[in-house]
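Enquirer: Numbering-wise (my numbering), the sequence shown opens with residue 24 and increments by one. We treat Cβ as the ideally placed atom computed from N, Cα and C, and that holds for glycine. My structure is below; once you've seen it, I'll send some questions.
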Amino acid sequence: MAEEIGMRVDSPGFETALKEAQEKSRAGGKKSGGVTLLFEAEATAWLARADVPTTDDAPKYADGTNPRAAVRAILTSGGFVQSTEGVAGPFGLVLDRTSFYAESGGQVCDTGVVKTGNGSLAVDEVKVAAGFVLHSGARVEGVVRVGDECDVLVDYERRGKIAPNHTMTHVLNLALRAVLGGEVDQKGSLNDDEKLRFDFSHNKAMTAEEIKRVEVMVREQIGLKLAVDTREVALAEAKAISGLRAVFGEVYPDPVRVVSVGPKIDDLLATPGNPEWKNYSIEFCGGTHLANTGDAGEFVLLSEEGTAKGIRRITGATKGAAAAALTTAAEVAARVKACDSLSGAELEKEMATLKGVVDTAVMPAVQRAEVRDLMTAQIAKMSAALKAAAAVAKAAAVKAVGEQAEAAKAA
C-alpha cells in the first residue's frame, strides 16, 4: 500500500522502534523504574562470541540458597564493559550461576543483591535470554569487574509472598473450571508479592455465588495441606497425563517441568490415564512454588471484571494480604451495622462516607457485595424514615390548616 502512493517502509527502523516501545511498556509496569537495558539477540550473540558460558540457574528452585558465583559479563546502555568504574548505570551482570528467578510465565522476577569483594548491585530486574540470566540495577556501590567472585543474595522474604500467589493461581485455575465449566482456558496471569491475577475465557461476568464457590474450593485445597510436587518430565510422557493443563499456543521445552498439587508425579507417570487426576491441579510451569498448599495460609478473591470480549480477569490474594482484606471487610461491615443507631443528617453523612470506603477499600469481592447489600437495606430504612417523617409533617400541616379554618369560621 505504501509503494502505491510512492512511499517506502523503513522495516528495520520499525522493528527497532517496536522493540523500544515494548521495552518501555514492560519497564512502565515495574515499581523500580529506570532500568531499561535491552537484552535481546544482539547482546546474547555477543556473549556467545565471547565464549561466555550460559547461566546455571538450577539453584533458583532451592529456596533459601545463596550460591557463590562469578561475574562473566557486564552490560550497560552503551554495550558490554569490563568494569563499572567510571561508567554510568544502569548495569546488568551476567553470572555463571544464580538463584535469582527471571521474570517469565506470569511470575515477576526476584529482587536482591549481587555482592562482590569491592562492590554490590541492588538487583531489581532479572531477565533470561538464550540461557543467559541478566541481573540489572540502577547503580553499583563501589566497583564490580568481570571475573569477580560474588555472593548471590535473593530477597527470599519477598519471594515468600510471590510463591503462594503462584501456587494458588494454579489451584484457582482448577476451581474456575469446576465452577464455570471445562471450556475455561487460561489467557494470561501475573503473580507478584502483593496479588495474583488470572485472565481466562468466559463469555459473561461471574455471579457473586460463583465467586464464592470458587473461593471456597481454593480454601479447601489450602485446608487439605496438599503437597506440591515438581519435576522435569519428558514432554510426550507429560502430555499423556489425564487432566494436565497447558497454555494454548505455548511452546514447551523437552523435558518440561510439571507442577502437581496433590498427586506425586511418580503416580501420575505410573497411571497417566487415571481420570482421578482431573480433580487436581497439574500444569506445565517453570515458576517457584510452595511445598504445601497449607503454607498459603489464607485466600480471597478481590475482584472480577472483563478485559475484552469473552475474556474475564480475576484478582486474588494470599497470606497476610488476604487476612488484611478480610479484616478491612469486617471493619467496614461493623461501621455499616453501627448506622442502626444513627438518624437524620448524621446517618446521611456516614452513609455517604461509607459508599466511598466500600468502593475503594481492598476487600474480598464476596464481602464487598454483602456490605453493599447491608448499605442498600440501611438506605431503604433511611428512605422509609424520611417518608414517614414527611407524612407526619404533612398530616400536622393539614391539621394546622384545618384548625385555622375552623377558627376563622368561628370568628
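Which residue wins for smallest C-alpha separation from SER122, given the options GLU243, THR311 and ALA68?
Expert: As a working note, residue 122 is residue 99 in the sequence shown. Taking only the C-alpha atoms, the option nearest SER122 is THR311.
Enquirer: ASP363 by DSSP, collapsed to three states: which one?
Expert: Here residue 363 refers to the residue found at position 340 of the sequence shown. Three-state DSSP puts ASP363 in a helix.
Enquirer: Ignore the nearest five residues each way along the sequence and tell me which others in ARG336's own chain have a CB closer than 6 Å to its CB.
Expert: Stepping through the sequence shown from its first residue, residue 336 is reached at position 313. So the qualifying residues of the chain are ASP222, GLU328 and THR330.
Enquirer: Taking just the CA atoms, how far does ARG280 sit from THR253?
Expert: What you label residue 253 is simply residue 230 of the sequence shown in a count that begins at 1. What you label residue 280 is simply residue 257 of the sequence shown in a count that begins at 1. THR253 and ARG280: Cα-Cα distance of roughly 7 Å.
Enquirer: Within its chain, find whatever has a CB closer than 8 Å to the CB of LYS378; leave out the 5 residues flanking it on each side and keep chain order.
Expert: As a working note, residue 378 is residue 355 in the sequence shown. Answer for LYS378: MET398, listed in chain order.
Enquirer: Identify every residue that forms a DSSP beta bridge with HIS193.
Expert: Translated into positions along the sequence shown, residue 193 becomes position 170. DSSP, once it has assigned bridges, lists no residue as partnering HIS193.
Enquirer: Rounded to whole angstroms, what's the CA-CA distance from PRO82 to ALA93? Just pull it up for me.
Expert: Numbered from 1 along the sequence shown, position 59 holds the residue referred to as residue 82. Numbered from 1 along the sequence shown, position 70 holds the residue referred to as residue 93. When rounded, the distance between both Cα atoms is 14 Å.
Enquirer: Under a Cβ-count criterion, where at least 16 other Cβ atoms within 10 Å of its own Cβ denotes burial, should PRO298 be classed as buried or exposed?
Expert: Locating residue 298 in the sequence shown gives position 275, where the first residue counts as 1. Its Cβ having fewer than 16 others within 10 Å, PRO298 is exposed.
Enquirer: Among ALA345, ALA375 and ALA347, which one has its Cα closest to the Cα of VAL359?
Expert: As a working mapping, residue 359 is identified with position 336 in the sequence shown. That would be ALA375, whose Cα lies nearest to the Cα of VAL359.
Enquirer: Could you tell me how far apart the beta carbons of ILE264 and TRP300 are, in whole angstroms, since I believe they sit closer than 8 Å?
Expert: By 1-based counting over the sequence shown, the position of residue 264 is 241. By 1-based counting over the sequence shown, the position of residue 300 is 277. Confirmed, about 6 Å.
Enquirer: Does the stretch 167 to 176 come close enough to the stretch 102 to 119 that 3 or more CB-CB pairs lie under 8 Å?
Expert: Judged by Cβ distances under 8 Å, the stretch 102 to 119 makes contact with the stretch 167 to 176, as three or more pairs qualify.
Enquirer: In angstroms, rounded to a whole number, what distance separates the CA positions of ARG391 and SER304?
Expert: Residue mapping note: residue 391 aligns to position 368 of the sequence shown, counting from 1. Residue mapping note: residue 304 aligns to position 281 of the sequence shown, counting from 1. If you take the alpha carbons of ARG391 and SER304, they lie about 28 Å apart.
Enquirer: List the endpoints of the continuous alpha helix (DSSP H) containing ALA269.
Expert: Locating residue 269 in the sequence shown gives position 246, where the first residue counts as 1. Here ALA269 belongs to no alpha helix (DSSP H), and DSSP marks it neither H nor E.
Enquirer: If the criterion is Cβ atoms closer than 8 Å, does the pair ALA348 and ALA340 meet it?
Expert: Counted from its first residue, the sequence shown places residue 348 at position 325. Counted from its first residue, the sequence shown places residue 340 at position 317. Yes, the pair counts as a contact, with Cβ atoms nearer than the cut-off.
Enquirer: Can you tell me where the alpha helix (DSSP H) holding GLY246 begins and where it ends?
Expert: Counted from its first residue, the sequence shown places residue 246 at position 223. 231 to 246 is the extent of the alpha helix (DSSP H) around GLY246.
Enquirer: Rounded to a whole number of angstroms, what is the C-alpha to C-alpha distance between GLU273 and ASN188?
Expert: Looking up residue 273 in the sequence shown gives position 250. Looking up residue 188 in the sequence shown gives position 165. Distance between the alpha carbons of GLU273 and ASN188: 22 Å.
Enquirer: Grouping DSSP H, G and I as helix and E and B as strand, with all else coil, what is VAL424?
Expert: For the purposes of this step, residue 424 is taken as residue 401 along the sequence shown, with counting starting at 1. Looking at VAL424 - three-state DSSP - the assignment turns out to be helix.
Enquirer: Starting from THR341, trace the alpha helix (DSSP H) in both directions and tell me its first and last residue.
Expert: Sequence index remark: in the sequence shown, residue 341 carries index 318 (1-based). Unbroken run through THR341 is the beta strand (DSSP E), 334 to 341; no alpha helix (DSSP H).
Enquirer: What number of angstroms, rounded off, separates the C-alpha of GLU393 from the C-alpha of MET229?
Expert: On the sequence shown, position 370 is the one that residue 393 refers to. On the sequence shown, position 206 is the one that residue 229 refers to. Rounded to whole angstroms, GLU393 to MET229 spans 16 Å at the Cα level.
Enquirer: Under a three-way DSSP split, which group does ALA314 fall into?
Expert: Against the sequence shown, residue 314 aligns to sequence position 291. Coil at ALA314, not helix or strand.
Enquirer: Rounded to whole angstroms, what's the CA-CA distance from THR351 to LEU325? Just pull it up for me.
Expert: By one-based count along the sequence shown, residue 351 stands at place 328. By one-based count along the sequence shown, residue 325 stands at place 302. Computed Cα separation, rounded: 12 Å.
Enquirer: On the premise that VAL131 lies in contact with ILE185, defined as a C-beta separation below 8 Å, what is that separation, rounded to the nearest angstrom?
Expert: Start at 1 with the first residue of the sequence shown, and residue 185 comes out as number 162. Start at 1 with the first residue of the sequence shown, and residue 131 comes out as number 108. About 7 Å separates the two Cβ atoms, so the contact holds.
Enquirer: Does LEU462 pass the burial test, meaning 16 or more other C-beta atoms within 10 Å, or should it be called exposed?
Expert: The displayed coordinates of the chain run from 24 to 434. Any statement about residue 462 would go beyond what the structure contains.
Enquirer: Rounded to a whole number of angstroms, what is the C-alpha to C-alpha distance between GLN105 and VAL136?
Expert: Reading the sequence shown from its first residue, position 82 is the one you call residue 105. Reading the sequence shown from its first residue, position 113 is the one you call residue 136. Going from the Cα of GLN105 to the Cα of VAL136 covers about 20 Å.
Enquirer: DSSP state of GLU328, grouped into three classes?
Expert: On the sequence shown, residue 328 is found 305 positions in, with the first residue counted as 1. Strand.
Enquirer: For ASN214 and LEU313, I'd like the C-alpha separation in whole angstroms.
Expert: Walking along the sequence shown from the start, residue 214 turns up at place 191. Walking along the sequence shown from the start, residue 313 turns up at place 290. Answer to the nearest angstrom: the Cα atoms are 13 Å apart.
Enquirer: Can you list, in chain order, the residues of its chain whose CB lies under 7 Å from that of PHE103, leaving out five sequence neighbours each side?
Expert: Locating residue 103 in the sequence shown gives position 80, counting from the first residue. So the list reads TRP69, ALA96 and ILE97, once near-sequence residues are dropped.
Enquirer: For GLY87, which option in ASN196, ASP147 and TYR179 has the closest C-alpha, if you only look at C-alpha atoms?
Expert: Translated into the one-based positions of the sequence shown, residue 87 becomes position 64. The shortest Cα separation from GLY87 among ASN196, ASP147 and TYR179 belongs to TYR179.
Enquirer: Got a sec? Which residues, its chain only, sit under 8 Å from VAL75 by beta carbon, not counting five neighbours each side?
Expert: The count along the sequence shown starts at 1 and reaches residue 75 at position 52. For VAL75, where only same-chain residues beyond five positions count, the Cβ hits under 8 Å are ARG95, ALA96, VAL117 and PHE155.
Enquirer: Which of the three DSSP states is assigned to LYS83 in this structure?
Expert: Numbered from 1 along the sequence shown, position 60 holds the residue referred to as residue 83. LYS83: helix per DSSP, three-state reduction.
Enquirer: DSSP state of ASP208, grouped into three classes?
Expert: Residue numbering aside, residue 208 sits at position 185 when the sequence shown is read from its first letter. In the structure shown, ASP208 sits in coil (DSSP, three-state: anything other than H, G, I, E or B).
Enquirer: Among GLU233, THR77, ALA153 and VAL169, whose alpha-carbon lies nearest the alpha-carbon of THR107?
Expert: Walking along the sequence shown from the start, residue 107 turns up at place 84. Looking at the Cα atoms, VAL169 is the closest of the given residues.
Enquirer: Between ALA344 and THR190, is the Cβ-Cβ spacing less than 8 Å?
Expert: As a working mapping, residue 344 is identified with position 321 in the sequence shown. As a working mapping, residue 190 is identified with position 167 in the sequence shown. Contact: no.
Enquirer: Taking the alpha carbon of GLU164 as the reference point, which residue from ASN196, LYS422, GLN209 and GLY112 has its own alpha carbon closest?
Expert: To locate residue 164, count along the sequence shown from 1; it is residue 141. Nearest option by C-alpha distance: GLY112.
Enquirer: How many Å lie between THR67 and THR78 at the Cα?
Expert: Looking up residue 67 in the sequence shown gives position 44. Looking up residue 78 in the sequence shown gives position 55. Near 12 Å, if we compare the C-alpha coordinates of THR78 and THR67.
Enquirer: Whole angstroms is fine: what's the gap from LEU203's alpha carbon to SER212's?
Expert: Residue mapping note: residue 203 aligns to position 180 of the sequence shown, counting from 1. Residue mapping note: residue 212 aligns to position 189 of the sequence shown, counting from 1. If I take the Cα positions, the gap works out to 18 Å.
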